[in-house]
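J.: The structure follows.
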Amino acid sequence: MKRVVYFLLCILVSSCSFFESKQKRTQELINEELRHIDWNSVDSYPFFYTCDEAATKAEQKSCFEETLITHFQETLYDFEFTLSNTESETVSVIFVIDTIGRIHVTDIEKDAWVLKQMPEFDGVITQSLKNLPKLAPALKRGIPVNTKYRIPVQLNTN
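Just so you know, the sequence shown maps onto residues -19 to -1, 1 to 139 in mature numbering (1 follows the signal peptide of the UniProt record, and there is no 0).
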């Protein structure tokens, strides 16, 4: 009887360690895979539904950038901003496209004199981004991900 109890106890102890080592090995494989993922790039860029979803990554990026810049130019062309400085100024617009394809402006980096002379500038930029055509989020390994972008906007005073 003692041998049976001892045998069952050995099986129980060894089987628990067997599962534990299997779980540990699985976690090691996951960690190894995570170390090899390039978290600074996406597999496919956000794309506007006017762009070709089946296009190459480079073509997707190009279509995304062209659509975004064209929309910005058309929107800003409709507004008249007056600057009294003789130099041109670059304003950086930082925004995030979330996993649903919505755009959120996180910051607009500009000098104090731009804010003083054009207090409505932030609102115009934010509204311009909100009025972009519908877009799909970027994908990483087939999963929608947030992507952050910085667009330089050159303000010319000439």
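Just so it is clear, CB atoms sit at the ideal spot from N, CA and C, and this is done for glycine as well.
Could you pull out every residue in the same chain whose Cβ sits closer than 6 Å to the Cβ of Cys44, ignoring the five residues on either side in sequence?
T.: Taking the sequence shown and counting its residues from 1, one reaches residue 44 at position 63. So the list reads Cys32, once near-sequence residues are dropped.
J.: Starting from Thr107, trace the beta strand (DSSP E) in both directions and tell me its first and last residue.
T.: Along the sequence shown, one-based indexing puts residue 107 at 126. Not the beta strand (DSSP E): Thr107 falls in the alpha helix (DSSP H), residues 102 to 111.
J.: Tell me whether the beta-carbon of Phe76 lies closer than 7 Å to the beta-carbon of Leu110.
T.: Mapped onto the sequence shown, residue 76 falls at position 95. Mapped onto the sequence shown, residue 110 falls at position 129. It is a contact, given that the beta carbons lie within the stated cut-off.
J.: I need the DSSP call for Ile78, collapsed to helix, strand or coil.
T.: On the sequence shown, position 97 is the one that residue 78 refers to. Reduced to three states, the DSSP call for Ile78 is strand.
J.: Looking at the secondary structure, which residues open and close the beta strand (DSSP E) in which Ala119 lies?
T.: For the purposes of this step, residue 119 is taken as the residue at position 138 of the sequence shown. Ala119 -> beta strand (DSSP E) spans 119 to 121.
J.: If you run the structure through DSSP and keep just helix, strand and coil, what is Ser22?
T.: By one-based count along the sequence shown, residue 22 stands at place 41. Of the three classes helix, strand and coil, the one that applies to Ser22 here is coil, per DSSP.
J.: Are the Cβ atoms of Ala117 and Phe28 separated by less than 7 Å?
T.: For the purposes of this step, residue 117 is taken as residue 136 along the sequence shown, with counting starting at 1. For the purposes of this step, residue 28 is taken as residue 47 along the sequence shown, with counting starting at 1. It is a contact, given that the beta carbons lie within the stated cut-off.
J.: Quick check on this structure: which residue in Ser25, Lys3, Leu10 has the alpha carbon closest to the alpha carbon of Lys121?
T.: What you label residue 121 is simply residue 140 of the sequence shown in a count that begins at 1. Closest option to Lys121, Cα to Cα, is Ser25.
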